[in-house]
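Engineer:
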Amino acid sequence: MQDSQKDHPLLKTVRRGWDAITLSPREGDSLTADTEPADAGRPEIPRSSVRARLLTFAFLGVVLWVGCFSGLNKSELNDSVDEGMYATAARWMVDTGNWLTLRGLSAEIVFDKGPLTYWCQAVSTRLLGATPVAVRLPSALAAALTALALWQWARRRISERAGLLAAALFALCPLTVGLARLAMTDSLMALWLTLTFIGLIEGYRTDRRGYLLAAAGAGLATLTKGVIGFLLPGAVMGLWLLLRRDFRELRRVPWLGATSLFLLLVLPWHLAMWWVHGNAFIQEYFVRRHLQRFLGQGYKFNFPFWFYLPVLLLGAFPFSVLVPVAWWRSFQHWRSERHELNCATAMWALVSLVVVALFSLSKSKLPQYAQPALPALSLLVAVRLDSSWRTQRNLSIIEAVCLGLTGVVLGELLVASGVLGWQWSTQPAPTLEESLTVFSFAIKKSAFLALLAPQLVILGSVVLIGTVIILSICKTTPRTACVMILMSMITAVTIAHFARSAWSDYYHSAPLNQLAEQTLPALERGEQLILYDLGSPTRYSLRFLLGHIDQITDTSEKELLLETEQEHRHGYIITSRNNELPRGAGNVQKESRAGKWLLWRFDADARSGESSVGDGQSR
Numbered sequence: 000m001q002d003s004q005k006d007h008p009l010l011k012t013v014r015r016g017w018d019a020i021t022l023s024p025r026e027g028d029s030l031t032a033d034t035e036p037a038d039a040g041r042p043e044i045p046r047s048s049v050r051a052r053l054l055t056f057a058f059l060g061v062v063l064w065v066g067c068f069s070g071l072n073k074s075e076l077n078d079s080v081d082e083g084m085y086a087t088a089a090r091w092m093v094d095t096g097n098w099l100t101l102r103g104l105s106a107e108i109v110f111d112k113g114p115l116t117y118w119c120q121a122v123s124t125r126l127l128g129a130t131p132v133a134v135r136l137p138s139a140l141a142a143a144l145t146a147l148a149l150w151q152w153a154r155r156r157i158s159e160r161a162g163l164l165a166a167a168l169f170a171l172c173p174l175t176v177g178l179a180r181l182a183m184t185d186s187l188m189a190l191w192l193t194l195t196f197i198g199l200i201e202g203y204r205t206d207r208r209g210y211l212l213a214a215a216g217a218g219l220a221t222l223t224k225g226v227i228g229f230l231l232p233g234a235v236m237g238l239w240l241l242l243r244r245d246f247r248e249l250r251r252v253p254w255l256g257a258t259s260l261f262l263l264l265v266l267p268w269h270l271a272m273w274w275v276h277g278n279a280f281i282q283e284y285f286v287r288r289h290l291q292r293f294l295g296q297g298y299k300f301n302f303p304f305w306f307y308l309p310v311l312l313l314g315a316f317p318f319s320v321l322v323p324v325a326w327w328r329s330f331q332h333w334r335s336e337r338h339e340l341n342c343a344t345a346m347w348a349l350v351s352l353v354v355v356a357l358f359s360l361s362k363s364k365l366p367q368y369a370q371p372a373l374p375a376l377s378l379l380v381a382v383r384l385d386s387s388w389r390t391q392r393n394l395s396i397i398e399a400v401c402l403g404l405t406g407v408v409l410g411e412l413l414v415a416s417g418v419l420g421w422q423w424s425t426q427p428a429p430t431l432e433e434s435l436t437v438f439s440f441a442i443k444k445s446a447f448l449a450l451l452a453p454q455l456v457i458l459g460s461v462v463l464i465g466t467v468i469i470l471s472i473c474k475t476t477p478r479t480a481c482v483m484i485l486m487s488m489i490t491a492v493t494i495a496h497f498a499r500s501a502w503s504d505y506y507h508s509a510p511l512n513q514l515a516e517q518t519l520p521a522l523e524r525g526e527q528l529i530l531y532d533l534g535s536p537t538r539y540s541l542r543f544l545l546g547h548i549d550q551i552t553d554t555s556e557k558e559l560l561l562e563t564e565q566e567h568r569h570g571y572i573i574t575s576r577n578n579e580l581p582r583g584a585g586n587v588q589k590e591s592r593a594g595k596w597l598l599w600r601f602d603a604d605a606r607s608g609e610s611s612v613g614d615g616q617s618r
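Set out below in structure tokens:
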């Protein structure tokens, strides 16, 4: 359907700008992703157009800034999702010069994952200092590079417009926005796997040298998160060849070069760890952290098989409502000739299916495990939108129904949660703990939802208004895509600048860090800092921010507290104002207070008459 002549001038301006960015013709192009060959659909306007290039880079810059970089410093490190643990291990490397063994609390050895994320965070920390931005920057860069990789591949194989859509859809997914701002492994893992899958697809379709890129990507993914880094690509390629009964393709793979490249990346660190730590490394790293985690043995995050369906629905909204149709339209062409574009999009569809299926088979599940599926799904939706854009069509009936139902239900739930949070914020705390159980996570309603009340209302309103606009006003794909991107940008800003800081406030992280920084001069003199019964989660992040990791003791046991006091004689204690300190061998004075936290100074050589009493805590 062509635009009506009565279109609002602003809509015409937006569309002209988008057409210039994507180098797309004003009239419909008869080619679609279902029929065009691999290199078809190249824009007729020369790529050297300075104006078009500037607009393209401006659009990408805004999308990547909003989706990946904006608000990196808006919250403290989140110990509830292990940001502090990763950051502390990176600080250990910087302070000790030991870049081989990963460490957490004191001398605790961490055999959790490969070292690549820690190495990236350590380099960033050395360059930028021990700040939340420094350890989060590798995740943000990885998310941005993943979006750029999708853009480059799609613009070469499909069209400039498809590339920009793929980059925008991925970068603005709520799950991407969140993980780009967390010092964790998942963004880097998604980057390496995306490069691996691009290499497999290019190697299979045209240039066998693509398998070398796949080998390098799999090696880096293995160094990031373990054996899943090569199991996932192996499963994808194996199932693809089995589906097409094309095992002769194995003869085209440059096995010597690919295997050598993979082993060159993977073997040195693994062999060194085995040489230093022996069978303990094998047992902890491979058996417990990989096999037993997959089987759910000893891990509490055991969720049902369908867990990732709602995760992907919410984590990629609003584009997730287009996934079923986009996925099927791509996968149904799996019999296409290998040089055709349809073959490539079918492989991307299989990639997303294998990633979701494999992690669904695992008993231990977390939302971030679905991140490697988002690049493939974003690309499939971009192909779908690009095809509809060319033919001047809009959403199908199925897509419109999915968007309407999901948008209305999700929007109303978010607004209702925000309204309840506002009501709870004006009420006294309940005598019994009230909790909202979501996928077995217990969340204190009176505290958590009250903090997030404004953000929930904003997000719910954006979802409802955007859904209504798309279904009632947007009659063509360009308008639909623009409204969805605008919705995603507002959501990204809300998450990055407001929701994450509210999560930090829930754990009272800022005042705790403020008190801890007051102890830095004492730590530099060699004194001790005791974190006494701070509750859950374990505050790894304090070790990262302060350094002097071996001078910080974290305990909830009174005996260990007294023992540490007697051994070190001088230092500080940080605890909650609700905790009563036991009587020790020395003298304790209250230094300061911030929020719910108290800072105490202990000095075994001080006279007992100098002891102070406050807030009902005496020694």
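So that you can map any letter, position 184 of the sequence shown is 183 in numbering that gives the first Met the number 0, and since no number is skipped, the others follow by simple counting. Cβ atoms here follow ideal geometry from the backbone N, Cα and C, with glycine treated the same way. Quick caveat, the model's predicted, so the values are computed rather than measured.
Between which two residues does the beta strand (DSSP E) containing Arg600 stretch?
Structural biologist: Start and end: Trp596 to Asp602.
Engineer: Would you list the residues sitting across from Ile200 in a DSSP beta bridge?
Structural biologist: In DSSP, Ile200 forms no bridge with anything.
Engineer: Identify whether Tyr85 lies in helix, strand or coil by the three-state DSSP scheme.
Structural biologist: Correct three-state label for Tyr85: helix.
Engineer: Is the region 508–528 touching the region 586–604, taking contact as three or more C-beta pairs under 8 Å?
Structural biologist: With the cut-off at 8 Å, the region 508–528 and the region 586–604 touch.
Engineer: Which of the three DSSP states is assigned to Glu339 in this structure?
Structural biologist: In this structure, Glu339 counts as strand in the three-state DSSP scheme.
Engineer: Can you list, in chain order, the residues of its chain with a C-beta nearer than 8 Å to that of Leu349? Leave out the 5 residues immediately preceding and following it.
Structural biologist: Counting only Cβ-Cβ distances below 8 Å, and skipping sequence neighbours, we find Val235, Leu238, Trp239, Leu242, Phe330 and Trp333.
Engineer: Residues in its own chain within less than 6 Å of Ala32 by CB, not counting five upstream and five downstream?
Structural biologist: The predicted position of Ala32 is uncertain, since its pLDDT is 41 and thus under 50; no value can be drawn from it.
Engineer: Taking a contact to mean a Cβ-Cβ separation below 8 Å, would you say Leu149 touches Leu378 in this structure?
Structural biologist: Yes. Within cutoff.
Engineer: Return helix, strand or coil for His547, following the three-state DSSP convention.
Structural biologist: Three-state result, His547: coil.
Engineer: Do you know how far the Cα of Trp388 is from the Cα of Val93?
Structural biologist: In a straight line, the C-alpha of Val93 is about 51 Å away from that of Trp388.
Engineer: Could you tell me the distance, in whole angstroms, from the CA atom of Pro114 to the CA atom of Val49?
Structural biologist: Each residue's Cα considered, the two are about 42 Å apart.
Engineer: Output the boundary residues of the alpha helix (DSSP H) element that contains Arg383.
Structural biologist: Segment Leu373 to Arg389, the alpha helix (DSSP H) holding Arg383.
Engineer: Quick one, which of Gln565, Arg499, Val414 and Thr405 has its alpha-carbon nearest Thr466's?
Structural biologist: Ranking Gln565, Arg499, Val414 and Thr405 by Cα distance to Thr466 puts Thr405 first.
Engineer: When you compare each of Glu159, Lys557 and Phe280 to Leu384 by their alpha carbons, which one comes out closest?
Structural biologist: The shortest Cα separation from Leu384 among Glu159, Lys557 and Phe280 belongs to Glu159.
Engineer: Could you tell me which whole alpha helix (DSSP H) segments of length 4 or greater appear in the region 446–524?
Structural biologist: If we require 4 residues or more, the alpha helix (DSSP H) runs fully inside the region 446–524 come out as 449–471, 476–493, 499–505, 508–516 and 519–523.
Engineer: On the DSSP letters alone, give me the boundaries of the beta strand (DSSP E) that Thr620 sits inside.
Structural biologist: As displayed, the chain neither begins before 0 nor continues past 618, which places residue 620 out of reach and without an answer.
Engineer: Name the residue from Arg180, Pro137 and Ser138 whose alpha carbon lies nearest to the alpha carbon of Gly70.
Structural biologist: It is Arg180 whose Cα lies nearest to the Cα of Gly70.
Engineer: On the CB-based measure, 16 or more other CB atoms within 10 Å of its CB, does Ile494 come out buried or exposed?
Structural biologist: Classification of Ile494: buried, given that the 10 Å Cβ count is 16 or more.
Engineer: Can you tell me which of the three DSSP states Thr552 falls into?
Structural biologist: Strand at Thr552.
Engineer: Thinking Met188 and Thr223 are a contact (beta carbons under 8 Å), I'd like their distance in whole angstroms, please.
Structural biologist: Contact flag correct, Cβ pair sits at about 5 Å.
Engineer: Does DSSP put Arg250 in a helix, a strand or coil?
Structural biologist: In the structure shown, Arg250 sits in a helix (DSSP, three-state: H, G or I).
Engineer: How many Å lie between Gly256 and Leu262 at the Cα?
Structural biologist: C-alpha separation (whole angstroms): 10 Å.
Engineer: Can you find at least 3 beta carbon pairs, one from the region 451–466 and one from the region 406–422, that sit closer than 8 Å?
Structural biologist: Touching, yes.
Engineer: Which residues mark the beginning and the end of the beta strand (DSSP E) in which Ala593 is found?
Structural biologist: Note, Ala593: beta strand (DSSP E), Asn586 to Ala593.
Engineer: Just how far apart, CA to CA, sit Arg250 and Gly209?
Structural biologist: About 14 Å.
Engineer: With H, G and I counted as helix, E and B as strand and the rest as coil, what does DSSP make of His567?
Structural biologist: Helix at His567.
Engineer: Give me the residue from Leu340, Ala369 and Thr344 with the minimum Cα distance to Val354.
Structural biologist: It is Ala369.
Engineer: Excluding the 5 residues flanking Ala498 on each side, which residues of the same chain have their C-beta closer than 7 Å to its C-beta?
Structural biologist: Counting only Cβ-Cβ distances below 7 Å, and skipping sequence neighbours, we find Leu451 and Gln454.
Engineer: Just verifying my parser: in three-state terms, what is the DSSP assignment at Ser74?
Structural biologist: Coil at Ser74, not helix or strand.
Engineer: Apart from the five residues on each side of it in sequence, which residues of its chain come closer than 8 Å, Cβ to Cβ, to Leu99?
Structural biologist: Closer than 8 Å at the Cβ level, and outside the excluded window around Leu99, lie Pro114, Trp268, Ala271, Met272 and Val275.
Engineer: Leaving out five residues on either side along the sequence, give the residues of the same chain with a beta carbon under 7 Å from the beta carbon of Asp120.
Structural biologist: The displayed chain sequence assigns Gln, not Asp, to residue 120. For Gln120, where only same-chain residues beyond five positions count, the Cβ hits under 7 Å are Tyr85, Ala86, Ala89, Val134, Pro137 and Ala182.
Engineer: Tell me which residue opens and which closes the alpha helix (DSSP H) that Tyr307 is part of.
Structural biologist: Counting along the chain, the alpha helix (DSSP H) containing Tyr307 begins and ends at Tyr307 to Gly314.
Engineer: Flag this pair as yes or no: are the beta carbons of Phe491 and Gly66 separated by less than 8 Å?
Structural biologist: Looking at the sequence itself, residue 491 is Ala, so the reference to Phe does not match. Taking 8 Å as the Cβ cut-off, Ala491 and Gly66 qualify as a contacting pair.
Engineer: Can you grab the Cα-Cα spacing for the pair Leu260 / Leu140, in whole Å?
Structural biologist: Spanning the two alpha carbons is a distance of roughly 24 Å.
Engineer: Please classify Thr195 as buried or exposed, where buried requires at least 16 other C-beta atoms within 10 Å of its C-beta.
Structural biologist: Result: buried.
Engineer: Could you spell out the range, first to last residue, of the alpha helix (DSSP H) harbouring Leu530?
Structural biologist: Looking at the DSSP string, Leu530 is not in any alpha helix (DSSP H); the run it does join, the beta strand (DSSP E), is Gln527 to Tyr531.
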